[in-house]
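Down below is the structure, laid out as structure tokens.
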Amino acid sequence: MHGLATAKVMAPSPVPRLSEMLTSYATNHVKPGSTEHHCVAHLKRHLGHLEPHTINSEIAKTYAEARRTDVWTTPGRGAEVRGVADSTIKRELTTLRAAVTWAWKSDRKGWFRGEGKPEFAMPRLQQDGSRERWLTKDEANRLVDACHTPHLRIFVMLALQTAARKEAIEDLTWEQAKLETGHVDFGLGRGNKLRPRQRMSERLIKELKAAFQVRTTDFVLEWNGRKAGDVKVAFRKASIRAGFVTGHRVNKHGKPVPVTDVTPHILKHTAVTWMVQSGTMTYEEIASFAETSAAMIEKVYGHHDPKLYEKAHAATAF
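Next comes the structure, spelled out in structure tokens:
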């Protein structure tokens, strides 16, 4: 109970409200200032007037929709926040579900007035369809322009042009980057299967040659005289600078921070999407670059294939 051994369970009023139930739950189970503490505050703000037994899937769905476009001011800081990411909404509804379970176990007759335990389905959230997110060529250029360091620009361009895994690019050495021929060799992929050598664009080769001239390590991605390592933090900042902000979340200090839906993995997804959209490569060829199966390419990316629409048009035209 986070050191709250002296806390007491608040008795439900004759007509209990969800705000009372959430307050009692938080008093006994939530650490002040924690992420869950902020979840409780937003739940009370939107749903506090309801009776606990009325919670259902429709209310959860309405709550999610409201939070996506929500506008509020953070207490103490006065900062205005607009909207939150679906990952935050899921966390808040998970907190609601935990509070309902606690109340049901502690005093089901009092909190729910003799009704059954309320159940609700988690509404469909954007993260459930994260594979649908990919970058257009214009968005890709925005992201590259938002990369303020050479190693991050090279990472983004390599990921988009090769569909290589984040870790494979982070570990790439100059021996694998064939500047004289304009190819990059990622060696063995999954299952010790040799990946095709991939040709790089003139734009990428120019970036690589500039980095090669000032290199101090064997690794292509270098920062401050050593291997750059994990680019996750730098990539997130670049994504936000590029304008890929889906909302805000409140961190453990109560400060609003932007949330982006463009992650390093989105680059691999984008590269494969572009390959399929080109209509010039077979699923088997694309799979060899993406280190997956042709069946998976068809299942996940097949709807981007222009040949599919051409065949459908030919089949249904009259």
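According to our numbering, the sequence shown is numbered sequentially starting from 1239. Just so you know, even glycine gets a beta-carbon here, dropped at the ideal spot from N, CA and C.
Check: Where in the stretch 1485-1544 do unbroken runs of the beta strand (DSSP E), each at least 3 residues long, occur, reported from the N-terminal end onward?; Outcome: 1494-1498
Check: Please go through the same chain and pick out, in chain order, the residues whose beta-carbon is closer than 6 angstroms to the beta-carbon of VAL1514, but skip the five residues on each side of it.; Outcome: TYR1539, HIS1542, ASP1543
Check: If LEU1285 and TYR1301 are in contact, beta carbons under 8 angstroms, what's the gap, nearest whole angstrom?; Outcome: 6 angstroms
Check: May I ask you to verify whether the stretch 1373-1384 touches the stretch 1479-1499, counting CB pairs closer than 8 angstroms and requiring at least 3?; Outcome: yes
Check: Based on the DSSP secondary-structure assignment, which residues constitute the bridge partners of GLN1436?; Outcome: VAL1422
Check: Buried or exposed: which applies to ARG1362, given that a residue is buried once 16 or more other Cβ atoms fall within 10 Å of its Cβ?; Outcome: exposed
Check: Where does GLY1463 land, buried or exposed, given buried means 16+ other C-beta within 10 angstroms?; Outcome: exposed
Check: Is ARG1380 helix, strand or coil when you go by DSSP?; Outcome: helix
Check: Going by CA-CA distance only, name the one from ASN1489, TRP1412, THR1400, TYR1521 that's closest to THR1454.; Outcome: TRP1412
Check: Among GLU1258, THR1311, ARG1391, which one has its Cα closest to the Cα of PRO1494?; Outcome: THR1311
Check: Exposed or buried, HIS1389, counting other C-beta atoms within 10 Å across all chains shown (16 or more means buried)?; Outcome: buried
Check: Might you give, ordered along the chain, the residues of its own chain that have their beta carbon closer than 8 angstroms to the beta carbon of LEU1442, omitting 5 neighbours on each side?; Outcome: ILE1392, MET1395, LEU1396, GLN1399
Check: Between the alpha carbons of ALA1271 and ILE1504, how many angstroms are there, rounded?; Outcome: One detail in the question is off: residue 1271 reads as Gly in this sequence, not Ala. Their Cα atoms are separated by approximately 33 angstroms.
Check: With DSSP run on the structure shown, which of helix, strand or coil describes VAL1278?; Outcome: helix
Check: Leaving aside the five residues before and after GLN1365 along the sequence, list all residues of the same chain whose C-beta is less than 8 angstroms from its C-beta, in chain order.; Outcome: Because the pLDDT of GLN1365 is 49, which lies under 50, any placement of that residue in the model is unreliable, and the number read from its coordinates should be weighed accordingly. The residues are ASP1324, SER1325, LYS1328.
Check: In terms of DSSP beta bridges, what is ARG1474 paired with?; Outcome: DSSP, once it has assigned bridges, lists no residue as partnering ARG1474.
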